[in-house]
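Be aware that the sequence shown starts at 42, since it is given in the working numbering, and climbs by one per residue. Here a beta-carbon is modelled for each residue, glycine too, at the ideal position from N, C-alpha and C. Owing to the predicted nature of the structure, the values given are computational and were not obtained by experimental measurement.
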Amino acid sequence: MSSFPSFVARIVQQTDGSRAEHEDLYEELLTHLEDLKEDKMSNGKSEKEAEEEAMTEFGKESVLGDQIQQAKFPFRREMFLGFVFGSFLWMCALFVHIVVSEQMAVYSLFTIFIGQIAVLVISLNQRFVLRRKLWMNMALLVHLVLFILFGLTGLYTQAMSFHVLFYVLILFNIALIYLTTLSYNASSKEVRTRRYFHSVQLTTGFIIAAFNVTMSFGAMIFVGMNIILLNYALPIVVWALSYVLQAKFLQRTKRAMIISTVITLFVFLFGILPIASLWFEIVPTEIVRFFWPFRP
42 MSSFPSFVAR IVQQTDGSRA EHEDLYEELL THLEDLKEDK MSNGKSEKEA EEEAMTEFGK
102 ESVLGDQIQQ AKFPFRREMF LGFVFGSFLW MCALFVHIVV SEQMAVYSLF TIFIGQIAVL
162 VISLNQRFVL RRKLWMNMAL LVHLVLFILF GLTGLYTQAM SFHVLFYVLI LFNIALIYLT
222 TLSYNASSKE VRTRRYFHSV QLTTGFIIAA FNVTMSFGAM IFVGMNIILL NYALPIVVWA
282 LSYVLQAKFL QRTKRAMIIS TVITLFVFLF GILPIASLWF EIVPTEIVRF FWPFRP
């Protein structure tokens, strides 16, 4: 059995693009390999030897995937590196500023370094075969969460420049998540549908997360670290599960977008309405608490 299909598949999965783009790239690379194999066999090599030499001459999967990705999306890596560098400089500058002005060391700031390393490793990876889009989004999400949680705890300073740069880096982080998710070269109906779907899902998720995180900080003032705070995480978990399931369902039916829109609307209301109602008394508290499994 030929090793070419799995070899080519590992190259293709490292590049961003639609299913049609991946299929075209797969066929193109497979054709090149088959031609190279035929050339080796015409020179007296056995089929197995010809396959092995063709793959060796073709190159390592992770390196080829990275090169194709760079060719399709030039300067993408430089954007990630610039983002990591900016985040690292902000973190170090804020730490030094607090030490000098407040005479205290906020070592928790350096937890952000985990997210920075994750983004750096994925963006520079030429060693391991990865599903680049998935792993890069996970790295960016880890950085975003750590940057918000530990960046906020380090903003003791009144220097406006640190606050402005903090929010600029958050917006840059979110923009990179959108850019990574919506990366397609082609512009077909399928691509437009996927872009619309992911744009709506990501925007819904960020709104739900921002609202619930903000409300949870407000709740902490009154209850401290309490199990009830897990209720604010529940809508985010529901949204994430809904996103994954809808993405898998999207290809199975032509009415997927209509169904997806309805589901997203319910997820959005579930993520916003119960907590908003509890704080602003939009609906009776008893109804709201029905959606809250975690009690103090």
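Should the segment 132–140 be regarded as contacting the segment 148–166, the criterion being three or more beta carbon pairs within less than 8 angstroms?
The segment 132–140 vs the segment 148–166: in contact.
How far does the alpha helix (DSSP H) with ILE163 in it extend, from its first residue to its last?
Along the sequence shown, read from residue 1 onward, the residue named residue 163 stands at position 122. Counting along the chain, the alpha helix (DSSP H) containing ILE163 begins and ends at 153–165.
Near LYS66, what residues of its chain come up, given a Cβ to Cβ distance below 6 angstroms and the 5 sequence neighbours on each side ignored?
The residue you call residue 66 lines up with position 25 of the sequence shown. The sequence given here has Leu at residue 66, not Lys. The beta carbon of LEU66 sits closer than 6 angstroms to the beta carbons of VAL53 from its chain, once the five residues preceding and following it are set aside; these are given in chain order.
Can HIS239 and LEU220 be called in contact, C-beta distance under 9 angstroms?
By one-based count along the sequence shown, residue 239 stands at place 198. By one-based count along the sequence shown, residue 220 stands at place 179. Going by C-beta atoms, HIS239 is not nearer than 9 angstroms to LEU220.
If I follow the unbroken alpha helix (DSSP H) through PHE114, where does it start and stop?
Here residue 114 is taken as the residue at index 73 of the sequence shown, counted from 1. No alpha helix (DSSP H) contains PHE114, which DSSP labels as neither H nor E.
Counting along the chain, where does the alpha helix (DSSP H) carrying PHE169 start and finish?
Along the sequence shown, one-based indexing puts residue 169 at 128. Careful: PHE169 lies outside any alpha helix (DSSP H) and carries neither H nor E.
Using 8 angstroms as the threshold, is the segment 138–146 in touch with the segment 73–80, meaning 3 or more CB pairs across them?
no
Could you tell me whether the segment 200–211 touches the segment 81–88, where touching means 3 or more Cβ pairs closer than 8 angstroms?
no
Starting from the C-beta of GLU98, find all residues in its chain whose C-beta is less than 8 angstroms away, skip the five residues before and the five after it, and write them out in chain order.
Within the sequence shown, residue 98 is the residue found at index 57, counting from 1. Contacts found: LEU77.
Which residue from PHE121, VAL160, ALA91 and ILE304 puts its Cα closest to that of LEU187?
Taking the first residue of the sequence shown as position 1, residue 187 is located at position 146. Measuring from the Cα of LEU187, the nearest candidate turns out to be VAL160.
Just to confirm the assignment: which complete alpha helix (DSSP H) runs, minimum length 4, are found wholly within the segment 99–142?
102–113
Among SER44, ALA112 and HIS63, which one has its Cα closest to the Cα of GLU90?
On the sequence shown, residue 90 is found 49 positions in, with the first residue counted as 1. Closest option to GLU90, Cα to Cα, is SER44.
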